[in-house]
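Here is the structure we will look at, set down as structure tokens.
Protein chains: 2
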Amino acid sequence: MSSNPTARQKQILDYIRRHRTRHGLPPTVREIQNHFGFASPNAAASHLRALEKKKLLQREPGSARALRVMGDDRKEVTAIPIYGDIPAGFPDTREQRPDGCVYADLDSLDIRRTARTFAVRVRGDSMTGAHIVDGDLVVLELREPNHGNIVAALIDGETTLKRYLVRNRRPFLRAENPKYPDLIPAHELVIQGVMIALFRKPKDAGRPIEP
Amino acid sequence: MSSNPTARQKQILDYIRRHRTRHGLPPTVREIQNHFGFASPNAAASHLRALEKKKLLQREPGSARALRVMGDDRKEVTAIPIYGDIPAGFPDTREQRPDGCVYADLDSLDIRRTARTFAVRVRGDSMTGAHIVDGDLVVLELREPNHGNIVAALIDGETTLKRYLVRNRRPFLRAENPKYPDLIPAHELVIQGVMIALFRKPKDAGRPIEP
DNA sequence: GAGAATACTGGACATATGTCCAGCAATCCT
DNA sequence: AGGATTGCTGGACATATGTCCAGTATTCTC
């Protein structure tokens with residue numbers, strides 16, 4: 347019976363979430379009022395009432411800031427392991443040691459829980475034509491690729507990112523960089539994953555000294 | 347000057363932590379009082395005062411439940427609001443309506459909790475030279491840009507992504523695409539944010555039909 | 001066209017909550 | 001011995017905060 351929020355109600359929910367992560371606690375009714383410029387606290391309160399009715403929010407009557415956005419606990423943060431170097435035989439062996447993890451929610455990445463997802467740090471310039479550059483973190487899903495997908499493939503014991511193409515029913519790999527030739531697999535094509543997301547943190551994001 | 351808590355003060359800190367993870371928000375002074383069986387709220391309040399003095403706790407005077415255990419910045423997922431369209435005057439006006447949120451952990455993005463962070467959906471091809479393409483989600487931080495940073499700037503009432511450069515002490519903007527000329531600001535340069543991360547979910551990440 | 005839901009304004013009230021003052025006993029420091 | 005710190009009791013106050021009532025306008029729904 348939990349219906350969907352209206353556009354306005356979605357904004358309220360987002361504000362509550364944002365306030366919680368920024369300040370460590372949910373906002374008060376009047377903080378919501380001020381943020382949205384309401385003239386009365388009742389405007390905010392009635393939104394909360396509506397959201398509670400829709401079971402999108404839980405409240406504790408009479409208790410300050412006692413707001414709990416439902417489904418936020420369910421908003422699972424997936425830990426995606428980062429493999430700097432993928433050895434042969436992946437993903438059957440379990441000896442890989444992730445160089446860390448990146449955390450993101452399922453909705454943002456459109457990740458299916460059942461899927462095996464991992465990330466690779468991109469090295470080289472073989473995919474600059476697809477605007478994937480050295481240092482990027484590419485999130486991959488373990489599945490069969492479709493024509494045109496960008497995939498991580500195992501070639502000569504090394505993992506590289508290439509575009510997966512099919513011509514005359516024969517799959518081959520193409521680097522998105524004229525410097526590199528197409529790769530026609532001699533025997534078998536080992537696809538380790540299909541790109542579903544990209545994550546970049548510029549190195550030059552220099553920050554001023556903290557005050 | 348941050349000394350160590352006494353045994354009792356440690357219990358207080360632990361209770362605050364536990365309450366926060368269990369209920370989603372820190373306790374009130376009187377909730378602490380009741381939990382420890384104090385006869386007066388002042389008993390709890392003076393503990394909080396002592397903890398704040400030792401810099402183990404941060405409080406917001408006059409604000410309910412505004413307790414923050416220091417050094418407790420766990421791996422928390424930040425909700426970053428996505429602004430599809432940023433109106434003039436941002437960020438002073440409060441009329442912005444996020445089109446949603448993207449969630450990521452603080453470590454991945456190197457986000458400071460105090461910083462104001464938001465995201466913009468990239469439109470156009472003005473930054474393809476920097477490998478930022480249409481549809482990308484750019485995470486920005488509200489701060490002064492440095493030479494070479496990629497920034498969101500307000501030009502003619504529209505927000506566009508450009509590289510921020512300084513020559514002869516004069517700042518100007520450069521699109522990373524030869525199609526577009528440099529932008530020398532006539533009067534004032536309105537910088538809305540500095541890029542700290544990029545997030546891409548390929549549209550062509552075609553998936554096979556779910557079983 | 002009636003009714004419900006949404007999205008508010010405006011004012012008011014009860015209480016939840018942070019804070020302050022005065023005081024007491026025990027412990028630690030020097 | 002004396003002062004500072006800790007750990008409380010007891011009472012009180014100001015306000016921060018949740019909540020309620022009445023009313024208006026718009027949009028959606030059937």
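Chains as they are written, first to last, in my numbering: chain A, 347 to 557; chain B, 347 to 557. Every residue gets a Cβ at the ideal spot worked out from N, C-alpha and C, and that includes glycine.
> How would you list, in chain order, the residues of chain A whose beta-carbon sits under 7 angstroms from the beta-carbon of R546 of chain B?
Replying inline: A543, L544
> Which residue's Cα is closest to the Cα of H365 of chain B: B:I537, B:R411, B:R395, B:N350?
Replying inline: B:R411
>> At the level of alpha carbons, what is the spacing between Q355 of chain B and P372 of chain B?
In response: A straight line joining the alpha-carbon of Q355 of chain B with that of P372 of chain B spans about 16 angstroms.
> Under 8 angstroms from any heavy atom of the ligand NAD, does the C-beta of Q404 of chain A make it?
Replying inline: This structure simply doesn't include the ligand NAD, nor any ligand for that matter.
> Counting only beta-carbon atoms, is A412 of chain B nearer than 9 angstroms to chain A?
Replying inline: yes
> In the DSSP assignment, what residue or residues form a beta bridge with E487 of chain A?
Replying inline: A:T463, A:V540
> Just curious, the alpha helix (DSSP H) that R366 of chain B is in, first and last residue?
Replying inline: Annotation: the continuous alpha helix (DSSP H) that includes R366 of chain B extends over 353 to 369.
>> In the DSSP output, which residue or residues are listed as bridge partners for V497 of chain A?
In response: A:K508, A:V540
> Quick one, which residues of the stretch 473 to 488 of chain B are near chain A if we go by CB-CB under 8 angstroms, in chain order?
Replying inline: T474, H477, I478, V479
> Under the three-state reduction of DSSP, which class applies to F518 of chain B: helix, strand or coil?
Replying inline: strand
> Going along the stretch 360 to 372 of chain B in order, which residues come within less than 9 angstroms of chain A, judged by CB to CB distance?
Replying inline: Taking 9 angstroms as the Cβ-Cβ cut-off against chain A, the residues of the stretch 360 to 372 of chain B that qualify are R366, H369, G370, L371, P372.
> Just how far apart, CA to CA, sit R516 of chain B and T505 of chain B?
Replying inline: 21 angstroms
> Taking contact to mean at least 3 C-beta pairs separated by less than 8 angstroms, is the stretch 386 to 394 of chain B in contact with the stretch 383 to 399 of chain A?
Replying inline: no
> According to DSSP, what are the bridge partners of Y526 of chain A?
Replying inline: In DSSP, Y526 of chain A forms no bridge with anything.
> So D480 of chain B packs on N523 of chain B, CB below 8 angstroms; how close in whole Å?
Replying inline: Rounded, the Cβ-Cβ distance is 12 angstroms, inconsistent with contact.
>> According to DSSP, simplified to helix, strand and coil, what is R376 of chain A?
In response: helix
>> If contacts are defined as beta-carbon pairs under 8 angstroms, then I478 of chain A and Y510 of chain A qualify, I think. What distance do you get, rounded to the angstrom?
In response: Contact doesn't hold; Cβ gap of about 14 angstroms is too wide.
> What separation, rounded to the nearest whole angstrom, lies between the Cα atoms of L483 of chain B and L544 of chain A?
Replying inline: Roughly 10 angstroms separates the two Cα atoms.
> To the nearest angstrom, how far is it from the Cα of P548 of chain B to the Cα of M541 of chain A?
Replying inline: Taken atom to atom, the span from the alpha-carbon of P548 of chain B to that of M541 of chain A is near 8 angstroms.
> Checking contacts by CB at 9 angstroms: is P437 of chain A closer than that to chain B?
Replying inline: Bear in mind that the predicted position of P437 of chain A carries a pLDDT of just 39, short of 50, making it unreliable; the figure below should be weighed with that in mind. Not an interface residue.
> In chain order, what residues of the same chain have a beta carbon less than 6 angstroms from the beta carbon of P387 of chain B, not counting five sequence neighbours either side?
Replying inline: If we look at P387 of chain B and ignore the five residues flanking it on each side, its Cβ neighbours are V375, R376, Q379.
> Which class does R411 of chain B belong to by DSSP, given the choice of helix, strand or coil?
Replying inline: coil
>> Can you pull out the residues from the stretch 374 to 397 of chain B whose beta carbon lies closer than 8 angstroms to at least one beta carbon of chain A?
In response: T374
> Run through DSSP, which three-state label would F382 of chain A get?
Replying inline: Collapsing the DSSP output to three states places F382 of chain A in a helix.
>> Counting only C-beta atoms, is I358 of chain B closer than 9 angstroms to chain A at any point?
In response: Under the Cβ distance rule, I358 of chain B does not count among the residues neighbouring chain A, no pair being separated by less than 9 angstroms.
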